[in-house]
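Right, one structure below, let's go through it.
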Amino acid sequence: MAAESMQDIKRRIKSITSTEHITSAMKLVSAGKLRKARAIFEKTNENSHYITHAIEDLFTNSKEIPEKYLEGGNDADGVCYIVITSNKGLCGGFNSNVIKEAEAHIRMNSGRTVIVPIGSRGRDYFAKRGYEIYNEYTAPPEEITSHEARELCAPILDMYEKGEIGSVVLVSTSFVSAMEQRVIVKKMLPFDVESNPEVGTSKFVEYEPSPEAVFNYLVPKYVEMVTYAAVVESATCEHAARRTAMENATDNAREMLADLSLFYNRARQAAITDEIIEIVAGSEAQG
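Each residue of the sequence shown is one higher than the last, beginning at 1 in my numbering.
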């Protein structure tokens, strides 16, 4: 019986050791990808923040924004949700946190709901539950280009222009640090001037050829840039979450190995003690 128990423990030790090697290697790979993704994110964030801040400043200080871009200017009750997840798992609660937050907001919407998933995990989840998938992007998020972001957002803006949807909401993950990522929900359209009181001060702006022409050009650029930056940031968060998950898995495997080694040594000592007792008993019986 003890021999069988020792064999079971040895099999478990071998299996967990193999798992520990895999998770440790995946942790190193994720750490390398995180460094690259973070460098791209920081560069992109610096440029996109400047552009989006300038556009938001213009929105805040202008009194000539077309009504269709302002809160209350679009009567449609449909909502388009751009939900950014990953294409792969093994990254802790990264995907589930985004999906839960998106679904919580979707349930509060009584009108038409359109989903534009970026990442196959979100696409598969919402498709299985019968949501309307209008457009999608499932290539590696860190490889997205501004041109692809434009192609992704163009149909969404077209729906908004036609009055098929009344707002565009982005659900993604914000990078706080390598150990912390936070799900954010951002309404991109319509633009709520009241929600941005700290963006600049009142100033006179003259538009050529007309305010409507200028904003018709700027608003799509704004949506494209915010979406593009969010995808790049989400890729950074994904690698950070996967590195943390693999590190935790490796630590757990090592703890299990330590416990199993202790159990194995105890079982081995017990087996040796039993053998000694049998030898002593046999020699006494012969004497």
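Think of the CB as a built atom: it goes at the ideal place given N, C-alpha and C, for glycine as much as any other residue.
Looking at the backbone, the Cα of residue 260 and that of residue 267 are separated by about 10 Å. Annotation: residue 256 to residue 103 spans about 36 Å, alpha carbon to alpha carbon.
Within the same chain, and ignoring the five residues on either side of residue 212 in sequence, the residues whose Cβ sits closer than 6 Å to its Cβ are 66. Taking 3 residues as the minimum length, the beta strand (DSSP E) runs contained wholly in the stretch 175-252 are 180-189, in order along the chain. Fewer than three Cβ pairs drawn from the stretch 161-175 and the stretch 145-152 lie within less than 8 Å of each other, which leaves the two stretches out of contact.
In the pairwise beta carbon analysis, the stretch 115-129 is classified as touching the stretch 84-95: at least three pairs are separated by under 8 Å. Straight through space, the alpha carbons of residue 36 and residue 220 are spaced by roughly 29 Å. In the DSSP assignment, residue 84 falls within the unbroken beta strand (DSSP E) covering 79-84. Residue 172 carries a strand assignment under DSSP once its states are collapsed to helix, strand and coil. When the beta-carbon positions are compared, residue 70 and residue 239 stay at least 7 Å from each other. Between residue 9 and residue 175, the CB-CB gap reaches or exceeds 7 Å.
In the structure shown, the three-state DSSP call for residue 137 is strand.
In the pairwise beta carbon analysis, the stretch 13-28 is classified as touching the stretch 229-247: at least three pairs are separated by under 8 Å. In the DSSP annotation of this structure, residue 66 is not part of any beta strand (DSSP E), being labelled neither H nor E.
Ranked by Cα distance from residue 236, the options 178, 186 and 17 are led by 178. DSSP places residue 106 in the uninterrupted alpha helix (DSSP H) bounded by 94-107. For residue 118, the uninterrupted beta strand (DSSP E) run begins and ends at 113-118, by DSSP.
Taking each of 281, 180 and 224 in turn and checking the Cα distance to residue 97, the smallest one comes out for 180.
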